[in-house]
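A quick write-up on the structure given underneath.
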Amino acid sequence: NDLRPIRSPRGIPLLGNTPQIPDTNPVEYFGKLSKQFPEGIYGMDIAGIEQVFVYDPDLVAEVSDETRFFKQIDKTPLHHLRDFAGAGLFTAHQHEEEWGRAHRILLPAFSQRAMRGYFGQMLEIAQNLVGKWERREGKPVKITDDYTRLTLDTIALSGFGYRFESFDKEELHPFLNAMLGALTESMRRSQELPMMTRLRKADAKKYGENIQVMRELVESVIKERREGKGSAEDDLLGLMLEATDPETGKRLDVDNVRDQVLTFLIAGHETTSGLLSFATYSLMRNPHVLAQAYAEVDRLLPGDTVPDYDTIMKLDVIPRILEETLRLWAPIPLIAKAPIDDTVIGGRYALKKGTRVSILEGPLHTHPKAWDRPEEFDIDRWLPENRAKQHPHAYKPFGNGVRACIGRQFALTEARLALTLVLQKFKFSDTTDYNMDVREALTRKPGDFELVVRRRLEHE
Ligand code: HEM
7 NDLRPIRSPR GIPLLGNTPQ IPDTNPVEYF GKLSKQFPEG IYGMDIAGIE
57 QVFVYDPDLV AEVSDETRFF KQIDKTPLHH LRDFAGAGLF TAHQHEEEWG
107 RAHRILLPAF SQRAMRGYFG QMLEIAQNLV GKWERREGKP VKITDDYTRL
157 TLDTIALSGF GYRFESFDKE ELHPFLNAML GALTESMRRS QELPMMTRLR
207 KADAKKYGEN IQVMRELVES VIKERREGKG SAEDDLLGLM LEATDPETGK
257 RLDVDNVRDQ VLTFLIAGHE TTSGLLSFAT YSLMRNPHVL AQAYAEVDRL
307 LPGDTVPDYD TIMKLDVIPR ILEETLRLWA PIPLIAKAPI DDTVIGGRYA
357 LKKGTRVSIL EGPLHTHPKA WDRPEEFDID RWLPENRAKQ HPHAYKPFGN
407 GVRACIGRQF ALTEARLALT LVLQKFKFSD TTDYNMDVRE ALTRKPGDFE
457 LVVRRRLEHE
């Protein structure tokens, strides 16, 4: 019998580890704790729930085996997200009929081929971003906020034919504040005892109001379509309203369409905005990589050449920058799984059926077993010859298996295009010498990240 206990940081009687967990950036804290447990696994008792964290690539390989582990919703923030995302794709239980139905109906809309169809809308919104920055010449811009405007407007226009017109306004759209409030509250609820949640009456009221703001927006998106406004019928919304599931012949229920629209508005922009922000930050910190990126953009798109889909697909440096950014700054820093039955991983750690097992992306993506000079931003890791040598389970920015990100190609196409256009037009200076200040709210992004933007002149 080779079983060993899963070690834990010391807790407090009755309260376990709950009081140790900070209100802000809990996942960053879980990442720091990982350094104390080089075996690649540790456990904690949080709000009365036993949780296990894994980041050794070989243990993660086992947790990624879908015959043994499933995507956990209960006992995670996703359970609370269901207050507003219901049985949308992201928060649906694997056994819910809604998951399979929506997955089969929407999958064709996310193939690489389908991306060509969204390119026009992606370009239009990316040009809005460029227009705004040209008007801000020489002034500081809030990088993360503007990438959030970009990604929100892009998913709304290409998925739903709906225009947020975020670049016309000084303030961020009220939808975003409501979303941030609701995400933060659901995170908090997942880390405290239900008794504590019930005591916070004012927060509960605000939570209800934020959900209402988001629902109303979704309803207006659907109403515009029903009234024949907006664009293409074969976009995401068209499929959600009209298409039938090839397996069961059924359509999505009305309530489920609402939950899916909200799910895609959130999942479809938060993460990509984080990716672009972290990529821009990484380029500022790595001037030799920035120089390679400028060289690629100038070679493929000299002067003011407008990018087309085929050119974007020919890029090599920019996609490697995005991959390396997702390694060091995965916007979704934790994914939750659970064993289908009692099991043992690594030949020694026993896990009971249903235990919450979280994969910590940060520690996994920098695990010394899988990565040389793990903290170094090195885009050459992603050259084909080096990629082939990588550990197969040491990189999971888009999750795992059937529950992996459906929007991956969408995100990467959009981010390639946006970064290309921005580099074609601008140079940046970090006049405040920005220090990375990560903000977690389910996803993570750099907080208060500002840079001064200037147009690039000929031969610069
Ligand atoms: C699922 C990451 C962009 C829609 C996921 C998951 C991850 C992820 C890690 C799995 C979560 C889990 O296991 O709990 C990312 C990253 C993105 C990105 C890093 C950008 C860089 C997008 C975009 C869309 C999208 C652009 C939509 C257009 C979804 C949906 C799911 C999902 C609907 C749930 C899929 C399912 O369970 O069936 N994403 N995502 N994501 N993502 Fe993304």
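Going by the UniProt record's numbering, 420 is the number at position 414 of the sequence shown; the sequence numbering is gapless. Beta carbons: idealized from backbone N, C-alpha and C, even for Gly. Note that the coordinates shown come from a computational prediction; the quantities given were computed from them, not determined experimentally.
Quick one: what's proline 337 bridged to in DSSP? For this step, residue 337 is matched to residue 331 along the sequence shown. According to DSSP, proline 337 bridges with nothing at all.
Using only the heavy atoms of the ligand HEM, determine whether one of them is closer than 7 angstroms to the beta carbon of threonine 372. Residue numbering aside, residue 372 sits at position 366 when the sequence shown is read from its first letter. Because no heavy atom of the ligand HEM lies under 7 angstroms away, the Cβ of threonine 372 does not count as near it: no.
Pull up the distance between the alpha-carbon of alanine 120 and that of serine 164, whole angstroms please. In the sequence shown, counting from the first residue as 1, residue 120 sits at position 114. In the sequence shown, counting from the first residue as 1, residue 164 sits at position 158. Straight-line Cα distance between these residues: approximately 11 angstroms.
Check whether the Cβ atoms of phenylalanine 416 and alanine 410 sit closer than 8 angstroms, and answer yes or no. Along the sequence shown, read from residue 1 onward, the residue named residue 416 stands at position 410. Along the sequence shown, read from residue 1 onward, the residue named residue 410 stands at position 404. In this structure, phenylalanine 416 lies away from alanine 410, with their beta-carbon atoms at least 8 angstroms apart.
Restricting to runs no shorter than 4 residues, where is the alpha helix (DSSP H) found entirely within the segment 170-213? Here the runs fully enclosed are 180-196 and 200-205.
Nearest-angstrom Cα distance between arginine 231 and leucine 307? The residue labelled residue 231 in the question sits at position 225 within the sequence shown. The residue labelled residue 307 in the question sits at position 301 within the sequence shown. When the Cα atoms are used, arginine 231 and leucine 307 turn out to be separated by approximately 37 angstroms.
For the putative contact between glycine 49 and arginine 460, defined by C-beta atoms under 8 angstroms, what is the C-beta separation to the nearest angstrom? Taking the sequence shown and counting its residues from 1, the one referred to as residue 49 is at position 43. Taking the sequence shown and counting its residues from 1, the one referred to as residue 460 is at position 454. Rounded, the Cβ-Cβ distance is 51 angstroms, inconsistent with contact.
Does the distance from the CB of valine 33 to the CB of histidine 399 come in under 8 angstroms? Taking the sequence shown and counting its residues from 1, the one referred to as residue 33 is at position 27. Taking the sequence shown and counting its residues from 1, the one referred to as residue 399 is at position 393. Between valine 33 and histidine 399, the C-beta gap is not smaller than 8 angstroms, which leaves the two residues out of contact.
Determine the direct distance from the alpha carbon of leucine 39 to that of proline 339, and round the result to whole angstroms. In the sequence shown, counting from the first residue as 1, residue 339 sits at position 333. In the sequence shown, counting from the first residue as 1, residue 39 sits at position 33. Roughly 14 angstroms separates the two Cα atoms.
Residue from Ser192, Leu334, Ile55 and Leu189 with nearest C-alpha to leucine 20: The residue you call residue 20 lines up with position 14 of the sequence shown. Restricting attention to Ser192, Leu334, Ile55 and Leu189, the CA atom closest to the CA of leucine 20 is found in Ile55.
Among Phe90, Tyr287, Trp335 and Ile327, whose alpha-carbon lies nearest the alpha-carbon of threonine 277? Here the question's residue 277 lines up with position 271 in the sequence shown. With respect to the C-alpha of threonine 277, the residue from Phe90, Tyr287, Trp335 and Ile327 having the closest C-alpha is Trp335.
Quick check on the burial criterion: 16 or more other C-beta atoms within 10 angstroms. Buried or exposed for glutamate 215? The residue given as residue 215 occupies position 209 in the sequence shown. The residue in question, glutamate 215, is exposed, as its Cβ has fewer than 16 Cβ neighbours within 10 Å.
Compare the beta carbon distance of phenylalanine 383 and arginine 291 with 8 angstroms and say whether it is the shorter of the two. One-based indexing of the sequence shown puts residue 383 at position 377. One-based indexing of the sequence shown puts residue 291 at position 285. Less than 8 angstroms separates the beta-carbon of phenylalanine 383 from that of arginine 291.
I'd like the span of the beta strand (DSSP E) that includes tyrosine 48, first residue to last. Translated into the one-based positions of the sequence shown, residue 48 becomes position 42. That run of the beta strand (DSSP E) goes 47-52.
CB of isoleucine 318 to nearest heavy atom of the ligand HEM: below 7 angstroms? Residue numbering aside, residue 318 sits at position 312 when the sequence shown is read from its first letter. Every heavy atom of the ligand HEM is 7 angstroms or more from the Cβ of isoleucine 318, so no.
Ranges of the alpha helix (DSSP H) found wholly within the segment 63-127, counting only runs of at least 4: Runs found: 63-69, 83-91 and 103-112.
Straight-line CA distance for alanine 376 to glutamine 118? Taking the sequence shown and counting its residues from 1, the one referred to as residue 376 is at position 370. Taking the sequence shown and counting its residues from 1, the one referred to as residue 118 is at position 112. Going by the C-alpha atoms only, they are around 29 angstroms apart.
Within the same chain, show all residues whose beta-carbon is closer than 6 angstroms to that of leucine 223, passing over the 5 residues directly before and after it, in chain order. Taking the sequence shown and counting its residues from 1, the one referred to as residue 223 is at position 217. Only Phe181 meet the Cβ criterion.
For leucine 448 and residue 1, the rounded distance between their alpha carbons: Because the chain is modelled from 7 through 466, residue 1 falls outside the range shown and cannot be assessed.
So is glycine 453 buried or exposed if we call it buried at 16+ other beta carbons inside 10 Å? Mapped onto the sequence shown, residue 453 falls at position 447. With fewer than 16 Cβ atoms within 10 Å of its Cβ, glycine 453 is classed as exposed.
Threonine 154 CB to nearest heavy atom of the ligand HEM below 7 angstroms: As a working mapping, residue 154 is identified with position 148 in the sequence shown. Taking the Cβ of threonine 154 as the reference point, every heavy atom of the ligand HEM lies at 7 angstroms or farther away.
Range of the contiguous beta strand (DSSP E) that encloses glutamate 248: What you label residue 248 is simply residue 242 of the sequence shown in a count that begins at 1. Premise fails: glutamate 248 lies in the alpha helix (DSSP H), 242-248, not in any beta strand (DSSP E).
Does the ligand HEM have even one heavy atom less than 7 angstroms from the beta-carbon of leucine 95? As a position in the sequence shown, residue 95 is number 89, starting the count at 1. Yes, since a heavy atom of the ligand HEM falls inside the 7 angstroms radius drawn around the Cβ of leucine 95.
Would you decide whether alanine 208 is buried or exposed? Buried here means 16 or more other CB atoms lie within 10 Å of its CB. Sequence index remark: in the sequence shown, residue 208 carries index 202 (1-based). Counting the other CB atoms within 10 Å of its CB gives alanine 208 a total below 16, which places it among the exposed residues.
Nearer than 7 angstroms: is that true of the beta carbon of lysine 77 relative to any heavy atom of the ligand HEM? Residue mapping note: residue 77 aligns to position 71 of the sequence shown, counting from 1. The answer is yes for lysine 77.
What are the complete alpha helix (DSSP H) segments, minimum 4 residues, inside the segment 267-343? The qualifying runs are 276-291, 293-306, 315-320 and 323-334.
Strictly by DSSP, which residues pair up with glycine 22? Against the sequence shown, residue 22 aligns to sequence position 16. Note: glycine 22 is bridge-paired with Ile18 in the DSSP secondary-structure output.
8 angstroms contact criterion, which leucine 427 and alanine 132 should meet: CB distance rounded: Residue 427 sits at position 421 when you count from the first residue of the sequence shown. Residue 132 sits at position 126 when you count from the first residue of the sequence shown. Their Cβ separation, rounded to whole angstroms, is 5 angstroms, which keeps leucine 427 and alanine 132 in contact under 8 angstroms.
Looking only at C-alpha atoms, which of Glu367, Gln430, Asp378 and Arg206 sits nearest to threonine 311? In the sequence shown, residue 311 corresponds to position 305, counting from 1. Just measuring C-alpha positions, the residue of Glu367, Gln430, Asp378 and Arg206 sitting nearest threonine 311 is Gln430.
Determine the DSSP secondary structure at isoleucine 55, reduced to helix, strand or coil. For this step, residue 55 is matched to residue 49 along the sequence shown. Annotated three-state conformation of isoleucine 55 is strand, per DSSP.
Would DSSP call phenylalanine 434 helix, strand or coil? In the sequence shown, residue 434 corresponds to position 428, counting from 1. Here phenylalanine 434 sits in strand by DSSP.
Should serine 283 go down as buried or exposed, given a rule of 16 or more other Cβ atoms within 10 Å for buried? The sequence position of residue 283 within the sequence shown is 277, counting from 1. Buried, by the Cβ-count rule.
Where glycine 234 falls, given that 16 or more other Cβ within 10 Å makes a residue buried: As a working mapping, residue 234 is identified with position 228 in the sequence shown. Burial call: exposed.
Can you tell me which residues form a DSSP beta bridge with residue 468? The chain is shown from 7 up to 466; residue 468 falls before or after that span and cannot be answered.
Write down the C-beta distance between valine 147 and leucine 463 rounded to the nearest angstrom, noting that I regard them as a contact closer than 8 angstroms. Position 141 of the sequence shown holds residue 147. Position 457 of the sequence shown holds residue 463. Valine 147 to leucine 463, Cβ: 19 angstroms. No contact.
Cut-off 8 angstroms between Cβ atoms - residues of its own chain near aspartate 241, not counting five sequence neighbours on either side: Within the sequence shown, residue 241 is the residue found at index 235, counting from 1. Cβ neighbours of aspartate 241 beyond the five flanking positions: Ala115, Ser164, Gly165, Phe166 and Gly167.
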